[in-house]
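Residue numbers (our numbering): 627 to 1515.
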């Protein structure tokens, strides 16, 4: 049997079978066509698995499919001189990847053959081919290319499969050559601009962990655009088109071809492995892809090898493209004149033109290192960039060993001076990284280049993430910063010295290049680096602390209930000073914000801000966490009667954390809700909206399993729980606070959702409805919502117990792949074992979710029975792996 990968079937295998429509006059057997196409596919797979050059693999597949299509075409158009079947696009340049469409142009001389063409296309569909086809005359082809410069480029790369050779020659001369002569200039300009946008658009980078092999920065499409430009300029297809008129050297072209071949090979493997046209190198498949491409070592080592090659080729391609654009721009006559009259000298060695610095005179070798650092400082001062030509010169001097940046206190002082700048620091450091200078000054940093973060939630490589944290810090000084960022800007501007914070950010993940705990090894490495730089002991201590504890503030905010006594005090003692607290808060913000798109949320910000404010208040109060509650009530401005009502309410709840968590004014709202419940017997539900989350307060009759039911009801209203607090009064009334986000696209206003929540809670309590039925109906309606999160199996679940964090509760931490409804499934298990959830914190980063539950056992004490804990853990893992309800996907 020929190879058939899982998932979507290859070309000519998705046949309708005996129900397909086969034209009576068609002599070809559909089964023979299927077998012939499958043989082409299997031949390509075999060549690929044997490690053959990727150009040969895709080329042989294209040639094989040429024969299949040619046979079918000749049976329909035998001897016809009015129709030609032409491969275009990737197929036309002899690059047919396993699951790519067959891009075909059916060129006709007139409409007289339209019925035959329609019959032929129908036959191809009946054979199960995935077509990207068009039917056009010569004039229509030309007009299409003129009107559609983006997609029209596919016609530049073409190959005759079958049919009229005379018509095909006319296509080359009357369409392609005519287009080159009349529209070539505009086409080239548009492609150069597309490349520039691909490289320079904010947020795009080569250093992402799940790269798009086709449309990523410096990936296949960017290289193809260069090939199209060369096609227009030189009239040839492929990498041979760079000679002899090309603006780049043969060595650079060879490097570009190697990158293209690498991308093609990985893309083919991705297609073969996944059984479909997947273009993104995702976490779910990268281990098998690396293994199948013969990278040695275990899963992690093989992936590191694959990604190291990817980033090497991507970087080479990026540098090629930047150089190509820069040199190409200088070829025009107008640019030549401007360059002659508008260049101005900068300092002793540089000249400035068109926003770029070029080398005017080479510095003497004795001061070469210092002068190169000065180039970056000058670029920052003039708000311009180093030209690609200058960057290449710097890299060349480094490769030749003619410049040494290590061990020079002059160089170290220059870098520290850069770190003290108010803004633009990240731009300078990024330029240094691109020219290999930064890694020469701090050799430990060079080990982060292209390093893959295996935490499962990072979007970028370690070095790219590091530079983005520094860019985020610089952006806080922007005048158009949002309200949330203004708070951070005020804190940043209050710092006495920016060197400790910036150096800590530059080095905060340095430990990931070494074995062991990256916080420990990173702190040790940071200390040694800072000693080399000649920093004083106090500054080194601060930097070591920030590197070692750079995750601590986030961990406390996402895992600990800091309304409990002792949590804030302990954190404040750990930090030690207000200056360190400010730096740690800023560091936490920019670190999380730079992990990837959408990772920072208003909810994370609210939790961190709360912890920061509580800790700062504690420090400013000389170690006193809070006033006497009577003093708090007096200071609140409530009248005496209201103060008495609040005191009575707090005594009924009897939980000290309630006093720390809720301000007196909100306690009055809770009291009114309790009164409403008693007077009407109806569930009381109140919403409050914040930046990108909502707080839902629910007052209802307390009972076992209430927390689980509420999470299910919220889920059935398209609300995902981010955090929760549960309080019970002595009169069997529960006051529960839930922080939620909307995860559907129904557009239902929050007021209507609140009414639905109230009605559903009452229906569940009376037995008229079940929570499972409510969730099932919502899933049926919203299963295709793009906001609905589905777990990725890469991240296996884990459960941890901690009886030391809280004086009162057992803390259960559940880690799993994130998905909508995860909290409800976890809460259901806890309810099943009779556990009383007092607080819950949900933290998500990318595809991972961490649920932290503060629980009491059925006897109101901590969970300490080992056997019982094991049963709870087993059930939790089973439930998060396989939800009680699914969306049918």
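From the three backbone atoms N, C-alpha and C, an ideal C-beta is built for every residue, glycine too.
- How would you write the range of the alpha helix (DSSP H) that residue 1010 sits in, first residue to last? It is not in any alpha helix (DSSP H) - residue 1010 carries neither H nor E in the DSSP assignment.
- Taking residue 716 as part of the alpha helix (DSSP H), name the residues at either end of that continuous run. Residues 715-718.
- When burial is assigned at 16 or more other CB atoms within 10 Å of the CB, is residue 1109 buried or exposed? Taking all protein chains in view, the Cβ of residue 1109 is surrounded by fewer than 16 other Cβ atoms within 10 Å, so the residue is classified as exposed.
- Query: From the DSSP output, which residues share a beta bridge with residue 1350?
  - Reply: Bridge partners of residue 1350: 1364 and 1466.
- Could you check which residue in 775, 1375, 899 and 1388 has the C-alpha nearest to that of residue 1306? Residue 1388 is the option with its Cα nearest to residue 1306.
- For residue 1268, I'd like the list of residues in its chain whose CB is within less than 7 Å of its CB, leaving aside the five on either flank, ordered along the chain. Cβ within range, chain order: 1294.
- Mark residue 1161 as exposed unless 16 or more other C-beta atoms lie within 10 angstroms of its C-beta, in which case mark it buried. Result: buried.
- Indicate the three-state DSSP secondary structure (helix, strand or coil) for residue 1478 in the structure shown. Residue state, collapsed to three classes: strand.
- Going by other Cβ atoms of all chains shown within 10 Å of its Cβ, with 16 needed for buried, is residue 776 buried or exposed? So residue 776 counts as exposed.
- Environment of residue 1057 [buried if 16+ CB atoms lie within 10 Å]: Under the 10 Å beta carbon count, residue 1057 is surrounded by 16 or more other beta carbons and is classified as buried.
- Item | Through-space distance from residue 1343 to residue 1400, alpha-carbon basis | Our two residues, residue 1400 and residue 1343, have alpha carbons roughly 9 Å apart in a direct line.
- Message: Which same chain residues end up closer than 8 Å to residue 1403 when comparing Cβ atoms and leaving out the 5 residues on each side of it in sequence?
- Response: The answer, listed in chain order, is 1342.
- Query: What residue from 705, 754 and 739 has the CA that sits closest to residue 728's CA?
  - Reply: With distances taken between Cα atoms, residue 728 lies closest to 754.
- Message: Quick check on residue 1137: does DSSP put it in helix, strand or coil?
- Response: Helix at residue 1137.
- Message: At 4 residues or longer, what runs of the alpha helix (DSSP H) sit wholly inside the stretch 921-1002?
- Response: The stretch 921-1002 contains these whole alpha helix (DSSP H) runs: 925-955 and 959-968.
- Item | Close Cβ partners of residue 1386 (< 8 Å) along its chain, the five nearest in sequence each way excluded | Within the same chain, residue 1386 has close Cβ partners 1339, 1342, 1343, 1395 and 1400.
- Item | Where residue 864 sits in the DSSP three-state scheme | Residue 864: coil per DSSP, three-state reduction.
- Query: Quick one: is residue 1317 buried, meaning 16 or more other Cβ sit within 10 Å of its Cβ, or exposed?
  - Reply: Flag for residue 1317 reads exposed.
- List in chain order: all unbroken beta strand (DSSP E) runs of 3+ residues lying wholly within the stretch 776-861. Assignment of beta strand (DSSP E) within the stretch 776-861, counting only whole runs of 3 or more residues, yields 784-789 in chain order.
- Message: By the three-class DSSP mapping on this structure, what secondary structure does residue 1509 have?
- Response: Residue 1509: coil per DSSP, three-state reduction.
- Message: What would DSSP say about residue 747, mapped onto helix, strand or coil?
- Response: Look at residue 747 here: in three-state DSSP terms it is helix.
- Contact set for residue 1481: own chain, Cβ-Cβ below 7 Å, skip 5 residues either direction: So the list reads 1435, 1436, 1438, 1456, 1461, 1462, 1463, 1464 and 1489, once near-sequence residues are dropped.
- Going by alpha carbons, who is nearest to residue 1364 out of 1352, 1451 and 1330? Measuring from the Cα of residue 1364, the nearest candidate turns out to be 1352.
- Spell out the partners DSSP gives residue 1312 in its beta bridges. Its beta-bridge partners are 1323.
- Message: So, for residue 970: in the same chain, excluding its five sequence neighbours on each side, which residues have a beta-carbon less than 6 Å away from its beta-carbon?
- Response: Around residue 970: 978.
- Message: When you compare the stretch 919-931 with the stretch 713-721, are there three or more beta-carbon pairs, one atom per stretch, that lie closer than 8 Å?
- Response: A contact between stretches requires three or more CB pairs, one per stretch, nearer than 8 Å, and the stretch 919-931 fails this requirement with the stretch 713-721.
- Item | When 855, 1011 and 1432 are compared against residue 1192, the one with the closest alpha-carbon | Cα-wise, what sits closest to residue 1192 is 1432.
- Message: So, does the stretch 840-856 touch the stretch 880-900, judging by three or more C-beta pairs under 8 Å?
- Response: Because the criterion of three Cβ pairs below 8 Å is met, the stretch 840-856 and the stretch 880-900 touch.
- Task: Report the residue from 1429, 1220 and 1007 whose alpha carbon sits nearest the alpha carbon of residue 1487.
- Result: If you compare the alpha carbons of 1429, 1220 and 1007 with that of residue 1487, the shortest gap goes to 1429.
- Beta-carbon spacing of residue 684, residue 730 below 7 Å: No, the pair does not count as a contact, with Cβ atoms beyond the cut-off.
- Query: How about residue 1337 and residue 1450: do their beta carbons lie closer than 7 Å?
  - Reply: For the pair residue 1337 and residue 1450, the CB atoms are nearer than the 7 Å cut-off.
- Task: Locate the beta strand (DSSP E) running through residue 1118, then write down its first and last residues.
- Result: For residue 1118, there is no enclosing beta strand (DSSP E); the enclosing alpha helix (DSSP H) has its first and last residue at 1109-1120.
- Query: Which parts of the stretch 1037-1081 are runs of the alpha helix (DSSP H), unbroken and 4 residues or longer, counting only runs that do not cross its ends?
  - Reply: Listed in chain order, the complete alpha helix (DSSP H) runs (minimum 4 residues) inside the stretch 1037-1081 are 1051-1060, 1063-1067 and 1069-1072.
- Which of helix, strand or coil does DSSP assign to residue 1491? Looking at residue 1491 - three-state DSSP - the assignment turns out to be coil, as it is neither helix nor strand.
- Decide yes or no for the touch test of the stretch 673-683 against the stretch 692-712: beta carbon pairs closer than 8 Å, at least 3 of them. Flag = no, the stretch 673-683 and the stretch 692-712 do not touch.
- With which residues is residue 1426 paired in a DSSP beta bridge? Bridge partners of residue 1426: 1439.
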